[in-house]
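Beneath this line is the structure, given in structure tokens, with notes to follow.
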Amino acid sequence: MEVCSQLPVLPLDRPVPKHVLSRRGAISFSSSSSLFGAPDPRQLSQRRGAISYDSSDQTALYIRMLGDVRVRRQVGFDPEPRGSPPYLCVDFRTLHTCLGPLAGAAVSAPERRVHRLLSFQRYLHSSRLLRGLPQQIPLHLLDEDYTGQARCMLDKVGSWNFDIFLFDKLTNGNSLITLTFHLLNQYGLVELFQLDVVKLWRFLVMVQEDYHSHNPYHNGVHAADVTQAMYCYMREPVLSKYLTSCDLLIGLLAAVTHDLGHPGVNQPFLIKTDHYLATLYKNTSVLENHHWKSAVGLLRETELLSHLPAEDSLNMERQLGSLILATDISQQNEYLSRFRTHLDQDDLCLSHAHHRHFILQMALKCADICNPCRPWELSKQWSEKVTEEFFHQGDIEKKHNLEVSPLCDRDKNTMGDIQIGFMTYVVEPLFSEWARFSDTRLSQTMLGHLGLNKASWGSLQLGQQQTSGPEEPAEPGGSGAAGRPGLARSDPGVTTASGGTGPKDIPQGNRGS
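Counted from 1, the sequence shown has number 213 at position 223 by our numbering; the numbering is strictly sequential.
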């Protein structure tokens, strides 16, 4: 069934209910908030973690409610079993922060976010849309100081060398909002689906807020980077000529929300600490299910798709979940084997919806782990961030006398070990098959960067071994074998893919590829 047929027309100049604009991070026109200042903090705390829709889906209902400890207590839901040891009750919101003087800063965090995200320029722009006046400027929602530079970068958003770190600075930390707005408009999806611009903006603000900025890696910048990569893949000629407008919308939304609400730790950590998410999703694709249900909760809370027929919106939610669930790294070999079989038999027919959807799943999987295929300057930054997040989890596990997860022990693993292993067993097999599917300049560029980056890490590893003295002599084989000792030490972690999420646990790849 195609969702795009016979969509109802929704005029942009219709009255917008106050409750649509009352959520934290959104523009408020109510009399209780100042035009130029932030909304009343009491209103923000009342709306925090709440749900503004009725649904029989209790799982989706819990996701928004469980975001706040106060709300959990009000509804009588205790995420940790009463019999659990006290040290297992870890508050993920404070994993990356210190107690003491910083505790007071958390109180004003929503207010700071509102001040950062709102400006008089944005208010004027949105109010013109509310009055139904034709818009005079693009929907980039940028502050004046950096508008020109950010727009210049958006003109080259399809370039594989796109520097998402610079773009995030130019947009004052709003790279995910700005990039997604631009791509949706570039494809004409806002007009085609008659999306309410204020609801869309509010949805993206809420999404960006729910990405924890204190995570070194799994944050809004990572989501923006994956979205930009997904856009590059959807532009590939072999795929772009078959994609429908619904495919484009679902593909972009899946990239935007694929790690929504990520706590900065992996699935094995949630399971062994008896976290409520592991219980809720029965220890199966815990994080991916959480990301999907969180995205559905925001879609329904903002009523972004409420003007579509109920069956169509539910179908889009299911497709969104199918794409996000495909990013579970523990199922890497299953998807890769299926992809390889299709390519060997040459039976992919992208005019069929289910084949297009499968390719979108593979595209999102590639986008999610494409960091080693970026230019060295960008790839190295991502490597440092993901390693920092791994090691932080390991530090927490040591502190609470838990078994340290593979690749998370800073005393036994190095950044080079982790990256070379990840490239060898996860990235290379996937991108080699993607290059078979789409043999283009982009695919060759990605494989070229991957080879260079792997060699660079090998050289760094070799240099470290040489400077470490005779205690750890380098094994023969040159720079190509420099990472192998690290891989041998990490081999026990290779078989733990069943509990991994993201590039945390290296699954057993096909060494032949």
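Positions of the beta carbon are idealized from the N, C-alpha and C atoms, including for glycine.
Item checked: Residues of its chain near L392, where Cβ-Cβ distance is below 7 Å and the 5 sequence neighbours each way are ignored -> K262
Margin query: Let's see if you can read the secondary structure: which residues bound the alpha helix (DSSP H) around V376?
Written below: W366 to K389
Next item on the list: Please decide whether L304 counts as near chain D, where near means a Cβ-Cβ distance under 7 Å.
Entry: Structure shown: chain D not included; a single protein chain is present.
Next item on the list: State the Cα-Cα distance for the pair P227 and L432, rounded to the nearest angstrom.
Entry: 11 Å
Notebook entry, point to check: In angstroms, rounded to a whole number, what distance separates the CA positions of Q351 and T317?
Noted result: 8 Å
Item checked: Whole-angstrom C-beta distance between A245 and A357, which should lie under 8 Å -> 6 Å
Item checked: Whole-Å CB distance - S395 paired with F171, under 8 Å assumed -> In fact, because the Cβ distance is near 37 Å, the residues do not count as touching under 8 Å.
Check: Which one of L182, P206 and T168 has the shortest CA to CA distance from T217?
Finding: T168
Checklist line | Euclidean distance between Cα positions of A343 and S373 | finding: 36 Å
Next item on the list: Go ahead and pull the three-state DSSP assignment for N151.
Entry: coil
Item checked: Reduced DSSP category for L317 - H, G, I as helix; E, B as strand; rest coil -> Reading off the sequence shown, one finds Thr at residue 317, where the question assumed Leu. Three-state result, T317: coil.
Check: Straight-line CA distance for G411 to A353?
Finding: 22 Å
Note to self: I believe L238 touches L179 by the beta-carbon criterion, under 8 Å. Please report the beta-carbon distance rounded to the nearest angstrom.
What the structure shows: 6 Å
Check: When the Cα of E291 is compared with those of H439, R192, E418 and L166, which residue comes out closest?
Finding: R192
Check: In the structure shown, what three-state DSSP assignment does D249 receive?
Finding: coil
Item checked: Cβ distance (whole Å) where C363 is taken to contact L440 below 8 Å -> 5 Å
Item checked: Nearest candidate by alpha-carbon position, reference Y221, set Q455, T377, V417 and K146 -> K146
Next item on the list: Decide if the region 270 to 284 is in contact with the region 174 to 188; the criterion is three or more beta carbon pairs, one per stretch, under 8 Å apart.
Entry: no
Checklist line | Distance between L182 and Q506 (C-alpha atoms, nearest Å) | finding: Here the chain covers residues -9 to 503 and nothing more, so residue 506 does not appear.
Margin query: Just verifying my parser: in three-state terms, what is the DSSP assignment at I359?
Written below: coil
Item checked: Pair within 7 Å by beta-carbon distance, L166 and A213 -> yes
Checklist line | Bounding residues of the alpha helix (DSSP H) (the contiguous stretch that carries S422) | finding: E418 to F427
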